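Student: Sharing a structure, written as structure tokens. Questions coming.
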Amino acid sequence: MQSLLILIDSVVTLIVWTLILQVIMSWLIAFNIVNTHNRFIWQINYALHKLTSPLLSPIQQILPNLGGIDISPIILIIVLHFARNILFEFFLGSPY
3 MQSLLILIDS
13 VVTLIVWTLI
23 LQVIMSWLIA
33 FNIVNTHNRF
43 IWQINYALHK
53 LTSPLLSPIQ
63 QILPNLGGID
73 ISPIILIIVL
83 HFARNILFEF
93 FLGSPY
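Taking the numbering used here, the leading residue of the sequence shown gets 3, the next gets one more, and so forth.
Shown next, in the form of structure tokens:
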């Protein structure tokens with residue numbers, strides 16, 4: 003059972019870091035620090051978007067329009083950590 007929990011924890015950590023990279027990449031593109039005409043940057047952005055879009059789309063449909071601010075990655079990170087902690091408490095009796 004602990005191996006399964008370690009795997010779940012690793013997957014949650016990987017998803018969180020992917021979300022953080024997507025947010026950073028979107029900021030860099032929005033502030034014209036990196037150019038999407040660069041093929042390498044475009045491929046990274048495309049891959050990050052394809053990885054995070056299925057997880058963020060349901061949250062984005064529920065949230066109201068906040069101008070240009072997308073808080074769906076923050077909400078997803080909170081939900082993932084909450085679910086992870088619930089699983090750890092349920093199976094191990096402690097959140098860590």
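Glycine included, C-beta positions come from ideal geometry on N, C-alpha and C. What you are looking at is a predicted structure, and each value in this text was computed from that prediction instead of being measured.
Going by alpha carbons, who is nearest to I22 out of I76, H83, H39?
Tutor: Position 20 of the sequence shown holds residue 22. Nearest of I76, H83, H39 to I22, Cα basis: I76.
Student: So is Q24 buried or exposed if we call it buried at 16+ other beta carbons inside 10 Å?
Tutor: The count along the sequence shown starts at 1 and reaches residue 24 at position 22. Looking at its Cβ environment, which holds 16 or more other Cβ atoms inside 10 Å, Q24 is buried.
Student: Does the beta-carbon of S55 have 16 or more other beta-carbons within 10 angstroms, so that it is buried, or is it exposed?
Tutor: On the sequence shown, position 53 is the one that residue 55 refers to. The residue is exposed, with fewer than 16 neighbouring Cβ atoms inside 10 Å.
Student: Would you say T38 and W29 are within 7 Å of each other, going by their C-beta atoms?
Tutor: The sequence position of residue 38 within the sequence shown is 36, counting from 1. The sequence position of residue 29 within the sequence shown is 27, counting from 1. Not in contact: T38 and W29 (Cβ atoms no closer than 7 Å).
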